[in-house]
Every structure is written in structure tokens, then in C-alpha cells.
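Residue numbers (the UniProt record's numbering): 1 to 198.
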């Protein structure tokens, strides 16, 4: 389990076309290695974070603060958001109250991996589009970008952009575009995020 410094993600224009789907030629290859190679061809860099079950929350923490140390706060905030708006985060006609409660209890344990519900909650909470680079597990095997959208409108935190993560069986890492955002815009966005989210 190694830790390396990471770089902030570039927030791409909301009008940018969705990334392309890539086919996996050798299914026996390590999916993580194939994903890294695919991302390099798309001019993106996979940024390693500690993969201990908290990788999604560590990735989010790094995006907002420049380090992974606040991942426990982010875990608590996202769980609280899910409990405030269960009808929007969960499909309440398919998932009953007892299952939602059990999910919240399980997620409150450190190192419990994030699920699609947390991606939906995060996208809604910060009002952004979240793309997840993921491999389809049925043939033909290929990597696709899955899109998670806010379920309802709340305070507008961003005027553009979306964030990207790579997922391999509930392992998430930030992905950085080679394009850069100006320092002034980064500082302004960071200040606005912290003021608005907490």
C-alpha cells in the first residue's frame, strides 16, 4: 500500500464531449494496467491514492483540500447527505427503509468501500457531473465512462465542469487532465467549495 502525492483534477468544460469507449484487447491483462494505458492515450494521468476501502473519500478529499487527510470528514458528510435526501439518492420504490439503514450503518464503518449511491450523493451534493472510468464485466470487455448526475438542483457550487475517477471493484482514484486551470481560478474555486460545502 503506497502513497504518492497527487495533483488536482482539471475541471473540464461542461460542453466538452463525453470521453470515448475503449475496447480491452487482452482480458487476461490486469484491468488497472489496461485502464492506466488507456488513460494515457486520452492525455489523462491516473493519480494514486491509498487503496484501503476509503479511496473514493480520499480522492474527494484531495480534490477539495490538496491532501487525503480529510477523508473521514467527507465520509461523514456524504452519509449525512444520503440520510437527509434518501428519496433522491436511493431508488425508494426498490430499496426499503431497513436496507437503507443497514447500508448507512455499514458505510459508517471506516474502510467500507463507496458504492454507486455515494457517487450519486456526491454528484448531487456538489452539483457536478461525475464520470467514472469502469470496465464492463460482460463480453465484449471494454472500458467506458459512466456518468453520474445530480438527482436534484440545490445551491450551485460550480458553473462548469465535472470530476473523473477510475474504478476497479470499488477502488477510486482521481484522474488529471493534462490541460491546466489557471491558479486564480483554482484558488477561487477552492475557497468557494470549502465555504459552500461545510
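Positions of the beta carbon are idealized from the N, C-alpha and C atoms, including for glycine.
Please read these numbers as outputs of a predicted model, since none were measured by experiment.
Problem - alpha helix (DSSP H) runs wholly inside the segment 40–100, at least 4 long, in chain order - result: 55–65, 71–84, 86–89
Practice task
Using the Cα positions of residue 96 and residue 56, report the straight-line distance between them to the nearest angstrom.
Solution key: 25 Å
Problem - Euclidean distance between Cα positions of residue 71 and residue 166 - result: 17 Å
Exercise for the section: From the DSSP output, in three-state form, read off residue 107 for me. Expected result: Per DSSP, reduced to three states, the secondary structure at residue 107 is helical.
Exercise for the section: Classify residue 122 as helix, strand or coil using the three-state DSSP reduction. Expected result: If DSSP states are grouped into helix, strand and coil, residue 122 belongs with the helices.
Handout entry: Segment contact flag, the segment 117–129 with the segment 138–153, C-beta cutoff 8 Å, min 3 pairs
Key = yes
Exercise for the section: Check whether the Cβ of residue 123 sits closer than 8 Å to any heavy atom of the ligand FAD, and report yes or no. Expected result: This structure simply doesn't include the ligand FAD, nor any ligand for that matter.
Practice task
Note the first and the last residue of the continuous beta strand (DSSP E) segment covering residue 143.
Solution key: 142–148
Exercise for the section: List the DSSP bridge partners of residue 132. Expected result: 146, 165
Problem - 6 Å Cβ shell around residue 113 - same chain, five flanking residues per side excluded - result: Apart from sequence neighbours up to five positions away, the residues of its chain that approach residue 113 with a beta-carbon distance below 6 Å are 53, 170, ordered along the chain.
Handout entry: residue 82 beta carbon less than 9 Å from that of residue 100
Key = yes
Handout entry: Residues bridged to residue 173 (per DSSP)
Key = According to DSSP, residue pairing for residue 173 in a beta bridge involves 166.
Problem - Where residue 37 sits in the DSSP three-state scheme - result: helix
Practice task
Count the other C-beta atoms from every protein chain shown that fall within 10 angstroms of the C-beta of residue 118, then say buried if there are 16 or more, exposed otherwise.
Solution key: buried
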